[in-house]
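Structure, as structure tokens:
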Amino acid sequence: MKENYKIYLIFWGPCFLLIVLTCFSFFLIKQKVFSTPFYVINLSSSYIEIINEINALNYLKPFQLIEKTAVNKDLFVNAKKTEPSKEKTLLTTIKPYMLNLSMIYIEGNKKKCIINDKYFTEGSNLTQDIKIVKIGDYYVDLQIKGEIKRLFLGQTISF
Numbered sequence: 021m022k023e024n025y026k027i028y029l030i031f032w033g034p035c036f037l038l039i040v041l042t043c044f045s046f047f048l049i050k051q052k053v054f055s056t057p058f059y060v061i062n063l064s065s066s067y068i069e070i071i072n073e074i075n076a077l078n079y080l081k082p083f084q085l086i087e088k089t090a091v092n093k094d095l096f097v098n099a100k101k102t103e104p105s106k107e108k109t110l111l112t113t114i115k116p117y118m119l120n121l122s123m124i125y126i127e128g129n130k131k132k133c134i135i136n137d138k139y140f141t142e143g144s145n146l147t148q149d150i151k152i153v154k155i156g157d158y159y160v161d162l163q164i165k166g167e168i169k170r171l172f173l174g175q176t177i178s179f
């Protein structure tokens, strides 16, 4: 009879250990999951800024209508095109000059390239300050104001 009692204790030991581990793990999970309530929604700062901007739109004053005026213009007459003046202005001097190398063609001694949709060969000038020094397999060496810069195929540079 004593042997049967020992057998029952052996079978209940792992069950008791499993119950203790389950309670312990539930206690750890409960602290992590239930530390913040479910009704709290965490939003990133960009979403909060968008919501604040939309809420500000709700409080805008309605637009005031202006008086209707008649426009005395014949709709069927084309407007005269005005040509821009060729004088140098501040905007034309500040605008950067862009160079885009789109193709290189090499056949024997013939080396050609296409920069800004125009054909050029070695030694030719793009502008008075820019000269093509060398055309390689995948690059073009440009002399820009005395300085040599390398322009790779498909690359766009501005200066």
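Okay, so the sequence shown: first residue is 21 according to the numbering used here, each after it adds one.
The C-beta atom is built at its ideal place from N, Cα and C for all residues, glycine as well.
In chain order, what residues of the same chain lie with their CB nearer than 6 Å to the CB of residue i, ignoring the 5 residues before and after it?
{"i": "K151", "result": "N145, Q163"}
{"i": "G174", "result": "none"}
Should residue i go down as buried or exposed, given a rule of 16 or more other Cβ atoms within 10 Å for buried?
{"i": "F140", "result": "buried"}
{"i": "K138", "result": "exposed"}
{"i": "R119", "result": "At residue 119 the sequence reads Leu, which differs from the Arg that was named. Burial call: buried."}
{"i": "C133", "result": "buried"}
{"i": "K130", "result": "exposed"}
{"i": "L171", "result": "buried"}
{"i": "N38", "result": "Note that residue 38 is Leu in the sequence shown, not Asn. Under this definition L38 is an exposed residue."}
{"i": "L121", "result": "buried"}
{"i": "I70", "result": "exposed"}
{"i": "I126", "result": "exposed"}
In chain order, what residues of the same chain lie with their CB nearer than 7 Å to the CB of residue i, ignoring the 5 residues before and after it?
{"i": "F179", "result": "P116, Y117, I164"}
{"i": "V153", "result": "D161, L162, Q163, I168"}
{"i": "D149", "result": "I164, K165"}
{"i": "K143", "result": "In the sequence as displayed, the identity of residue 143 is Gly instead of Lys. Closer than 7 Å at the Cβ level, and outside the excluded window around G143, lie I152."}
{"i": "I74", "result": "none"}
For residue i, which three-state DSSP category applies?
{"i": "F179", "result": "coil"}
{"i": "N129", "result": "coil"}
{"i": "S64", "result": "coil"}
Beta-carbon within less than 8 Å of residue i's beta-carbon, same chain only, minus the 5 sequence neighbours each way: which residues are those?
{"i": "D157", "result": "I124, I126"}
{"i": "I177", "result": "M118, L119, K169, L171"}
Ordered list of beta strand (DSSP E) runs contained in the segment 132–175, each at least 3 residues: 138–141, 150–155, 159–164, 167–172
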